[in-house]
Structures are given as structure tokens and as C-alpha cells.
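A.B. asks:
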Amino acid sequence: MSKEIRLMKGNEAIGEAAIRAGCASYFGYPITPQNELTAYMAANMLPAGRIFIQAESEVSAINMVYGAAATGVRAMTSSSSPGISLKQEGISYLCGADLPAVVVNVARAGPGLGGITPAQGDYFQSTRGGGHGDYHTIVLAPKGVQEAADLTFEAFELSDKYKIPVLVLADGLIGQMMESVVLPDPVDMAALPRKPWAVGHQARDKRGVNHVSSMNLDPATLEKANLKREAHYDMVKKELCRYEEMQVEDADLVIVAYGTSARVSMSAVQAGRAKGLKIGLFRPITLWPFPYERIAALAEKEGRKFLSVEMSMGQMVEDVRLAVNGRAPVAHYGRTGGMIHNEEEVLAAAERMLNA
Amino acid sequence: MELLYGHPKSLVSIQSKYCPGCGHGVIHRLITEVIDEMGLQERSIITNPVGCSIWAEYYFDFDSVQPAHGRTPAAATGIKRNLKDHLVICYQGDGDLAAIGTAEIIHAANRGEKFTTIFVNNAIYGMTGGQMAPTTLVGQYATTSPRGRDPGEAGMGYPIKVCELLSSLGGTRYLARGAVNNPVNIKKTKKMIRTAFEAQMRGEGFTMVEILSQCPTNWKLSPPESIDWLEKNMIPFYPLGEIKNTLSTAAAPAGAGN
Ligand SMILES: Cc1ncc(C[n+]2csc(CCOP(=O)(O)OP(=O)(O)O)c2C)c(N)n1
Chain A
1 MSKEIRLMKG NEAIGEAAIR AGCASYFGYP ITPQNELTAY MAANMLPAGR IFIQAESEVS
61 AINMVYGAAA TGVRAMTSSS SPGISLKQEG ISYLCGADLP AVVVNVARAG PGLGGITPAQ
121 GDYFQSTRGG GHGDYHTIVL APKGVQEAAD LTFEAFELSD KYKIPVLVLA DGLIGQMMES
181 VVLPDPVDMA ALPRKPWAVG HQARDKRGVN HVSSMNLDPA TLEKANLKRE AHYDMVKKEL
241 CRYEEMQVED ADLVIVAYGT SARVSMSAVQ AGRAKGLKIG LFRPITLWPF PYERIAALAE
301 KEGRKFLSVE MSMGQMVEDV RLAVNGRAPV AHYGRTGGMI HNEEEVLAAA ERMLNA
Chain B
1 MELLYGHPKS LVSIQSKYCP GCGHGVIHRL ITEVIDEMGL QERSIITNPV GCSIWAEYYF
61 DFDSVQPAHG RTPAAATGIK RNLKDHLVIC YQGDGDLAAI GTAEIIHAAN RGEKFTTIFV
121 NNAIYGMTGG QMAPTTLVGQ YATTSPRGRD PGEAGMGYPI KVCELLSSLG GTRYLARGAV
181 NNPVNIKKTK KMIRTAFEAQ MRGEGFTMVE ILSQCPTNWK LSPPESIDWL EKNMIPFYPL
241 GEIKNTLSTA AAPAGAGN
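So the sequences go chain by chain: A and B.
One point on numbering: in our numbering, the residue at position 66 of the first sequence is 66, and numbering is uninterrupted.
One point on numbering: in our numbering, the residue at position 147 of the second sequence is 147, and numbering is uninterrupted.
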């Protein structure tokens with residue numbers, strides 16, 4: 001079957017990919033710069049007989065996801081940074097109850113209400129759990145519209161497979177820009193595997209009673225549950241780490257960047273190489289699990305330096321430092337407040353570090 | 001021999017964690033009696049709220065989902081929309097429903113979500129040890145209203161009549177208030193639950209039964225005293241009966257027709 005190619009905004013591509021992935025329930029609340037996504041879902045879910053609700057808040061939307069996910073269907077919500085903060089309670093409950101769900105963050109600049117332009121200041125929130133308790137969500141960071149569609153589609157698969165919510169961390173630039181996308185083939189929703197732990201259809205499935213809960217008031221039992229989840233996380237770390245490398249083999253300086261920053265850094269690397277500078281790019285695609293081991297291996301090369309380029313005051317740089325573990329110099333460069341560095345600025349930062 | 005009265009099939013036969021004289025147990029029994037009568041045990045799902053009834057999954061012998069405090073109606077929305085032919089019961093205390101979850105209940109009701117809310121109004125926060133609830137009566141003692149609820153100087157607000165508050169919303173079809181203080185009211189409450197569940201299974205819109213319920217432990221009264229207190233204080237303020245009924249089965253209002 002020939003693939004379908006469309007020119008789409010990132011927000012719309014994410015919505016279409018979710019629909020094709022078999023998202024049965026979408027719950028949202030308006031916030032810039034992800035509004036087109038909620039509108040796309042309203043326009044396309046309802047005619048398809050699927051569930052769309054504009055909730056009264058992000059808090060409510062994520063808890064609708066919790067209820068929908070408990071019934072075993074594929075469920076999703078999306079928002080931008082301030083709204084994602086409100087969803088943290090629900091994400092913690094989803095993780096505590098081991099429910100799959102997809103959450104999309106078309107991130108903007110903070111803190112507080114901040115601004116509506118693209119930023120990467122939600123890295124800590126996304127990768128450290130964000131809400132209360134010992135948990136992680138899988139975090140996927142697309143660099144453009146095509147990857148936003150691909151990773152959203154895959155987010156549903158991964159979430160079902162691992163029973164862990166998946167956060168797609170895009171930003172306002174990816175949400176707003178238009179690019180051509182090859183859309184994934186729609187899944188056959190009726191053919192998706194049944195979830196034996198879900199509530200509903202007890203008689204049809206001829207099973208005992210199912211309870212979906214994150215509560216565990218006995219410390220010994222809760223400890224056991226948390227240890228089991230941690231062992232599961234260890235497996236995910238082994239199986240899922242994903243990244244892309246560009247001219248790192250001989251690089252004296254490796255730029256580490258994800259999402260929009262990686263896109264800009266690619267141009268900076270090309271411009272640097274044209275000037276004869278040995279620079280390369282390491283782009284994490286999964287921010288959790290973070291590819292610590294690969295970065296550690298890259299740090300083995302004598303004299304190599306690392307520059308974390310982020311649209312923030314420097315958050316992922318902490319993970320780069322953890323990975324490098326003192327074996328090589330690590331620095332951060334980036335703009336914040338919704339400003340996006342251009343390739344000249346990134347290249348200049350790389351040259352400063354090379355010459356330092 | 002015909003069995004006239006026995007333990008409901010949908011109610012697990014174990015000793016509950018509820019305090020002596022607590023109303024939750026009676027309410028659990030009424031819910032399960034109705035479910036058994038309607039033959040819905042394998043098609044029922046309850047959202048057990050944060051509050052004393054958090055352990056509902058131990059007691060109800062059907063599926064359950066445990067959401068965050070106050071988000072119960074949002075979670076019930078996600079469940080019911082995906083399982084339209086199931087009986088979804090959104091069980092909530094007065095802290096869960098009328099304080100932290102006020103936005104969720106108002107909007108679920110306004111959307112006309114087709115689950116049934118069982119709202120247990122014991123005029124206090126039970127689980128956390130007797131703090132003031134939105135439904136605590138003026139002058140009533142609680143650990144956070146140690147000199148009685150004072151809407152004036154202390155700015156503690158007024159008790160909220162939830163049925164009346166929700167009755168103006170277009171999505172609400174059946175709002176009734178019962179009590180579990182004596183056999184007559186218990187029977188009437190059961191009938192309200194049945195009416196609400198039947199309406200839900202017909203897909204009619206938002207239904208809620210508010211139930212005035214004793215909390216002897218946190219009211220610092222004996223079980224008999226707490227019944228007395230409920231009758232003398234709660235019922236006069238929270239009138240019993242159908243506050244709103246626009247179901248297809250409702251009797252035509254007096255004076256209508258002809
Ligand atoms: C977010 C959050 N805030 C506070 C609590 C603590 N908490 C647990 S139960 C409860 C009050 C429950 O009271 P109510 O809803 O009236 O139910 P009851 O226990 O009286 O049946 C509170 C405040 C919590 N679990 N989560």
C-alpha cells in the first residue's frame with residue numbers, strides 16, 4: 001500500500017497519528033501553542049464515533065484519561081507546559097495504577113504563565129517524574145513534524161506494551177510548523193489485544209473481579225510493588241534507549257541536543273564541519289530512559305568535550321554530566337524565555353568551548 | 001422455602017473497617033441490593049473515592065477504579081463513556097465532592113454524564129479525622145472549626161446544599177436526598193438508588209442520590225446519639241426527597257396536562 005503524504009502542522013500530525021494508532025478517547029483543555037491539536041481531535045474523533053471531551057481543566061482531562069485507560073482503551077490528553085503541571089497528579093496516579101496512556105506536551109516557556117513560544121524548560125518535570133512518588137514515564141522527544149507523528153503513533157504501542165504512560169515532549173515550534181508527513185497506516189482497533197486487567201465486560205471475559213488502584217496502605221506491600229515497578233523500569237531502560245548520532249566518530253566536541261535544539265544543532269554541525277571543525281551531534285530520542293551508557297562510551301575518547309544545547313537554563317546537561325561522570329568537560333549553551341538559538345549562536349558556543 | 005432476606009450477592013461477606021454506627025456500610029448494602037435485584041453484578045463498576053470508603057474494593061464484589069481525591073466524576077466520565085451499557089457508580093464523600101472536586105462534579109453533572117453519583121453527606125471529613133467539610137452545619141464542631149463553624153468573623157463559609165446547587169444545570173435529570181437514620185428513610189433511599197440506577201441504564205442523563213449519613217466517631221457521639229443529631233440538625237437543613245426529577249418516568253408535575 002502506498003503511503004499517504006500530507007502537509008500538516010505538527011499539532012495536527014500528532015492528532016492524526018493518535019487517531020491512526022487507535023486512540024479511542026481524547027480529553028483536552030485549550031492552551032496555546034497546542035490548540036490545533038485539541039481542535040483536530042474534536043473535528044475528527046466525534047465523526048468517527050470516538051470519544052472527545054473538552055474538559056473543565058487539565059486536572060479533569062487527565063483523570064478522564066485515568067478512567068478511560070482503566071477500561072482498557074487507548075486514551076490520550078495533550079496540553080502545554082502550565083497545563084502539564086496540572087496533570088502531574090493524574091500522571092502519578094496512572095503510574096501508581098500501572099495504566100497505559102499518552103500525554104503530549106507541546107511545551108512553551110515558563111516558569112509560571114511564562115510565554116507561549118517554544119521552550120525546553122520542562123525537561124526536569126518530564127524526566128524526573130514530575131508528580132509525587134517513585135515513578136517514571138517514558139519520554140519521547142521528536143525533532144520535527146514527521147517524527148512527532150511517528151513517535152505519537154508509537155507512544156500508544158509502547159504504553160500498552162510496558163503499561164507505563166508515555167509523554168511525547170514536543171515544543172511550540174514543532175506544534176506550529178508545517179512539514180510534509182508520511183502518515184502511519186491506521187491500526188485495526190478491534191484487533192488490538194484485550195487487556196485482562198481492565199474493568200468492564202466481566203461476564204464476556206468470564207473472569208473474576210478487577211480493581212484498578214494506586215492505593216496500598218501497607219508499607220511492606222507498597223515497597224514490594226515499587227520494587228517490582230523499578231525492576232520493570234530497569235528492563236525498559238535496557239530495551240528502549242534510543243538516539244541518533246551525526247558525525248560523532250572523530251568529533252572533538254559533541255553537541256548533545258534533543259527536539260528543536262537538535263534540529264538547529266544539526267545545521268550548526270554542518271556549518272562547523274564546512275569550516276573544518278570536528279564537531280558532531282548526539283540526539284537523544286528517548287529522554288527517559290536516557291542513553292547514559294552511549295554517552296559514557298563516547299566520553300572515553302581522549303580530549304573530547306560535550307556541549308548540551310537546550311532552550312532552557314540547562315537541565316539535560318545534568319544527565320550528560322551524570323553520563324560523562326567527570327571523564328570529559330561538559331557545558332551548557334542555550335537560550336530561554338521562548339527565544340530559540342540559531343545555528344550561528346550554537347556554532348559560536350561550540351567554537352568557544354573547543355578553544356577554551 | 002423462599003429466601004426473604006439474605007446477604008446481597010454483590011456485597012463481599014467480610015467485616016468492614018467502618019466504625020460502629022457509620023452510615024457507609026448501610027449505603028453499601030443498599031447499592032448491592034439494588035444491583036442484585038437488577039441483575040447487574042457483572043456489569044457494575046464503582047469508583048471508590050479518597051475518603052473512608054476508599055476500601056470499597058474490599059466490599060463490593062464487582063470491578064472498581066480508585067481515582068485521585070475529588071477527581072472521581074472525571075474518572076467515572078472516562079469509564080462510562082467507554083462502557084455505555086455498564087452501571088457506573090461514582091461514590092463520593094462530601095470532602096471529595098463538594099470541596100476538592102467541586103469543578104469535577106459540576107461539569108460532569110452539566111455534561112449530563114450518564115453515571116450515578118452516590119453522595120455520602122456526613123457533614124465532616126471522616127478519614128482524615130474530623131475536619132470541617134463544605135457540608136458541616138453552622139455552629140458544628142470539627143477539628144478545624146474548634147469553636148463551631150462560623151461563617152461570619154472566621155469566614156468559614158456556609159454549608160452547601162449540593163442537590164439544590166446542581167439542580168439548575170441542564171444535564172441533571174434526577175437529584176434526590178435520602179438518609180440512613182431509620183428503616184423508613186433507608187427504604188426510601190433504596191428506592192431513590194433504584195430510580196437513579198434504572199435511569200442510568202436507560203441512558204437518561206446525570207443522576208445523583210445524596211445520602212445523609214452518620215459519623216459517630218468524628219461527631220464524638222454514640223451511634224444512637226448520632227442518629228438523634230442527624231434528625232435534629234441535618235434533616236431540617238438538608239430536606240429529604242426528590243429535589244429534581246425530570247426523568248421520563250417522573251410523575252407529571254401537579255397542574256400539568258389537561
Ligand atoms: C490531594 C489530596 N488531598 C488531601 C487528601 C487527604 N484526604 C483523604 S480523605 C479526605 C477527606 C475525605 O472526606 P469525605 O470526602 O467527606 O469522605 P469521608 O471520609 O467522610 O467518607 C482528605 C482531605 C488526599 N488524600 N489527597
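For every residue, glycine included, the Cβ atom is placed at its ideal position computed from N, Cα and C.
Suppose only complete runs of 3+ residues qualify. What are the beta strand (DSSP E) ranges in the stretch 191-269 of chain A, listed by chain order?
C.D. replies: Segments of the beta strand (DSSP E) lying fully in the stretch 191-269 of chain A: 243-246 and 253-256.
A.B. asks: Considering only C-alpha positions, which residue in the set A:Ser80, A:Ile84, A:Ser60 and A:Leu86 is nearest to Ala76 of chain B?
C.D. replies: Taking the first residue of the second sequence as position 1, residue 76 of chain B is located at position 76. Cα-wise, what sits closest to Ala76 of chain B is A:Ser60.
A.B. asks: Within this structure, are the beta carbons of Met178 of chain A and Val199 of chain A separated by less than 9 Å?
C.D. replies: Counting from 1 along the first sequence, the entry for residue 178 of chain A is found at position 178. Counting from 1 along the first sequence, the entry for residue 199 of chain A is found at position 199. It is not a contact, given that the beta carbons lie outside the stated cut-off.
A.B. asks: With a threshold of 8 Å on Cβ separation, who are the neighbours of Ala256 of chain B within its own chain once the five nearest residues in sequence on each side are excluded?
C.D. replies: The residue you call residue 256 of chain B lines up with position 256 of the second sequence. Bear in mind that a pLDDT of 49 at Ala256 of chain B, under 50, signals an unreliable position, so the model cannot answer this.
A.B. asks: So does Ser53 of chain B have its beta carbon nearer than 8 Å to some heavy atom of ligand 1?
C.D. replies: For this step, residue 53 of chain B is matched to residue 53 along the second sequence. Within the cutoff, so yes.
A.B. asks: Is Arg335 of chain A helix, strand or coil when you go by DSSP?
C.D. replies: The residue labelled residue 335 of chain A in the question sits at position 335 within the first sequence. Residue state, collapsed to three classes: coil.
A.B. asks: I'd like to confirm the pairing. Which residues does DSSP put opposite Met156 of chain B in its beta bridges?
C.D. replies: By 1-based counting over the second sequence, the position of residue 156 of chain B is 156. Paired residue(s): none; Met156 of chain B is not in a bridge.
A.B. asks: Does any CB atom of chain B fall closer than 9 Å to the CB of Phe27 of chain A?
C.D. replies: Indexing the first sequence from 1 puts residue 27 of chain A at position 27. It does: the Cβ of Phe27 of chain A has a partner Cβ on chain B nearer than 9 Å.
A.B. asks: Please classify Thr136 of chain B as buried or exposed, where buried requires at least 16 neighbouring CB atoms within 10 angstroms.
C.D. replies: Looking up residue 136 of chain B in the second sequence gives position 136. Buried: at least 16 other Cβ atoms inside 10 Å.
A.B. asks: Put Lys232 of chain B into one of helix, strand or coil per three-state DSSP.
C.D. replies: Working through the second sequence from its first residue, we reach residue 232 of chain B at position 232. Here Lys232 of chain B sits in helix by DSSP.
A.B. asks: Given 8 Å as the limit, is there contact between the stretch 95-107 of chain B and the stretch 38-55 of chain B, that is, 3 or more CB pairs closer than that?
C.D. replies: Contact between the stretch 95-107 of chain B and the stretch 38-55 of chain B is present, because at least three Cβ pairs lie under 8 Å.
A.B. asks: Quick one, which residues of the stretch 108-119 of chain B are near chain A if we go by CB-CB under 7 Å, in chain order?
C.D. replies: Those would be none; no residue qualifies.
A.B. asks: I want to verify the contact list: residues of chain B whose CB lies under 7 Å from the CB of Asn44 of chain A, in sequence order.
C.D. replies: On the first sequence, residue 44 of chain A is found 44 positions in, with the first residue counted as 1. Within chain B, no residue comes near Asn44 of chain A; the closest Cβ sits about 17 Å away, beyond 7 Å.
A.B. asks: Quick check: is the beta carbon of Ser64 of chain B nearer than 9 Å to any beta carbon in chain A?
C.D. replies: Within the second sequence, residue 64 of chain B is the residue found at index 64, counting from 1. Answer yes: the Cβ-Cβ gap between Ser64 of chain B and chain A drops below 9 Å somewhere.
A.B. asks: Within the present structure, is the beta-carbon of Ile100 of chain B separated from the nearest heavy atom of ligand 1 by less than 8 Å?
C.D. replies: As a position in the second sequence, residue 100 of chain B is number 100, starting the count at 1. Yes, Cβ of Ile100 of chain B sits closer than 8 Å to a heavy atom of ligand 1.
A.B. asks: Starting from the C-beta of Asn63 of chain A, find all residues in its chain whose C-beta is less than 7 Å away, skip the five residues before and the five after it, and write them out in chain order.
C.D. replies: If you number the first sequence from 1, residue 63 of chain A lands on position 63. Result list for Asn63 of chain A: Gly90, in chain order.
A.B. asks: Taking only the alpha-carbon atoms, compute the straight-line gap between Thr260 of chain A and Leu173 of chain A and give it to the nearest angstrom.
C.D. replies: Position 260 of the first sequence, counting from 1, holds the residue named residue 260 of chain A. Position 173 of the first sequence, counting from 1, holds the residue named residue 173 of chain A. Their Cα atoms are separated by approximately 7 Å.
A.B. asks: Which partner residues does Asn245 of chain B have in the DSSP bridge list?
C.D. replies: Mapped onto the second sequence, residue 245 of chain B falls at position 245. DSSP, once it has assigned bridges, lists B:Tyr174 as partnering Asn245 of chain B.
A.B. asks: Using a 10 Å radius around the Cβ and a threshold of 16 neighbouring Cβ atoms, would you call Phe237 of chain B buried or exposed?
C.D. replies: The sequence position of residue 237 of chain B within the second sequence is 237, counting from 1. Classification of Phe237 of chain B: exposed, given that the 10 Å Cβ count is below 16.
A.B. asks: Is the stretch 12-23 of chain B in contact with the stretch 219-227 of chain B, if contact means three or more CB pairs nearer than 8 Å?
C.D. replies: These segments touch.
A.B. asks: Going along chain A, which residues have a C-beta under 8 Å from His28 of chain B?
C.D. replies: Translated into the one-based positions of the second sequence, residue 28 of chain B becomes position 28. Within chain A, no residue comes near His28 of chain B; the closest Cβ sits about 15 Å away, beyond 8 Å.
A.B. asks: In three-state DSSP terms, what is Gly257 of chain B?
C.D. replies: Taking the second sequence and counting its residues from 1, the one referred to as residue 257 of chain B is at position 257. The pLDDT assigned to Gly257 of chain B is 46, lower than 50, so where the model puts this residue is not dependable; a value taken from the coordinates is nonetheless given after this. In this structure, Gly257 of chain B counts as coil in the three-state DSSP scheme.
A.B. asks: Quick check on the DSSP output: the beta strand (DSSP E) that includes Ser180 of chain A runs from which residue to which?
C.D. replies: Position 180 of the first sequence holds residue 180 of chain A. Per DSSP, Ser180 of chain A belongs to the beta strand (DSSP E) from Met178 to Leu183.
A.B. asks: Pairing CB atoms from the stretch 261-277 of chain A with CB atoms from the stretch 335-347 of chain A, are three or more of them under 8 Å?
C.D. replies: They touch, by the three-pair rule.
A.B. asks: At which residue ranges does the stretch 23-77 of chain B contain complete alpha helix (DSSP H) runs of 4 or more residues, listed in the order of the chain?
C.D. replies: Complete alpha helix (DSSP H) runs here, min 4: 24-38 and 56-59.
A.B. asks: Using 9 Å as the threshold, is the C-beta distance between Ala107 of chain A and Asp171 of chain A below it?
C.D. replies: Indexing the first sequence from 1 puts residue 107 of chain A at position 107. Indexing the first sequence from 1 puts residue 171 of chain A at position 171. Contact flag set, yes.
A.B. asks: Please tell me whether Gly78 of chain B has its Cβ less than 9 Å away from any Cβ of chain A.
C.D. replies: Position 78 of the second sequence, counted from the start, is the residue given in the question as residue 78 of chain B. Yes, Gly78 of chain B counts as interfacial toward chain A.
A.B. asks: Taking its Cβ as the centre, do 16 or more other Cβ atoms sit within 10 Å of Ser78 of chain A, making it buried, or is it exposed?
C.D. replies: Start at 1 with the first residue of the first sequence, and residue 78 of chain A comes out as number 78. Ser78 of chain A should be labelled buried.
A.B. asks: Taking Gly206 of chain A as the reference, give the member of B:Phe62, B:Leu11 and B:Met1 with the closest Cα.
C.D. replies: Counting from one through the first sequence, the residue named residue 206 of chain A turns up at place 206. According to the sequence shown, residue 206 of chain A is Lys rather than Gly. The residue with the shortest Cα to Cα distance from Lys206 of chain A is B:Phe62.
A.B. asks: For the 8 Å Cβ check, are there 3 or more pairs between the stretch 200-219 of chain B and the stretch 161-181 of chain B?
C.D. replies: Touching, per the Cβ criterion.
A.B. asks: Round the Cβ separation of Ile92 of chain A and His132 of chain A to the nearest angstrom and send it over; I've been treating them as touching at under 8 Å.
C.D. replies: Reading the first sequence from its first residue, position 92 is the one you call residue 92 of chain A. Reading the first sequence from its first residue, position 132 is the one you call residue 132 of chain A. In the sequence as presented, Ile is not what sits at residue 92 of chain A; that position holds Ser. With a Cβ gap of about 5 Å, Ser92 of chain A and His132 of chain A count as contacting.
A.B. asks: Please confirm if Asp94 of chain B has its CB atom under 9 Å from at least one CB of chain A.
C.D. replies: Residue mapping note: residue 94 of chain B aligns to position 94 of the second sequence, counting from 1. It does not; no Cβ of chain A falls within 9 Å.
A.B. asks: When the cut-off is 9 Å and only beta carbons count, does Asn226 of chain A lie next to chain B?
C.D. replies: Position 226 of the first sequence, counted from the start, is the residue given in the question as residue 226 of chain A. No, Asn226 of chain A lies away from the interface with chain B (no Cβ there is under 9 Å from its Cβ).
A.B. asks: Sorted by chain position, which residues of the same chain lie with C-beta nearer than 8 Å to Lys80 of chain B's C-beta, five sequence neighbours on each side aside?
C.D. replies: Reading the second sequence from its first residue, position 80 is the one you call residue 80 of chain B. Excluding positions up to five away in sequence, the list reads His86, Val88, Glu113, Lys114 and Phe115.
A.B. asks: Could you name the residues of the stretch 184-213 of chain A whose beta carbon sits closer than 7 Å to any beta carbon of chain B, in the order they occur along the chain?
C.D. replies: Cβ contacts with chain B come from Val199, Gly200, Gln202, Ala203, Val209, Asn210, His211, Val212 and Ser213.
A.B. asks: Between which two residues does the alpha helix (DSSP H) containing Ala170 of chain A stretch?
C.D. replies: As a first step, residue 170 of chain A must be located in the first sequence, where it is residue number 170. That residue, Ala170 of chain A, is in no alpha helix (DSSP H); its beta strand (DSSP E) goes Val166 to Asp171.
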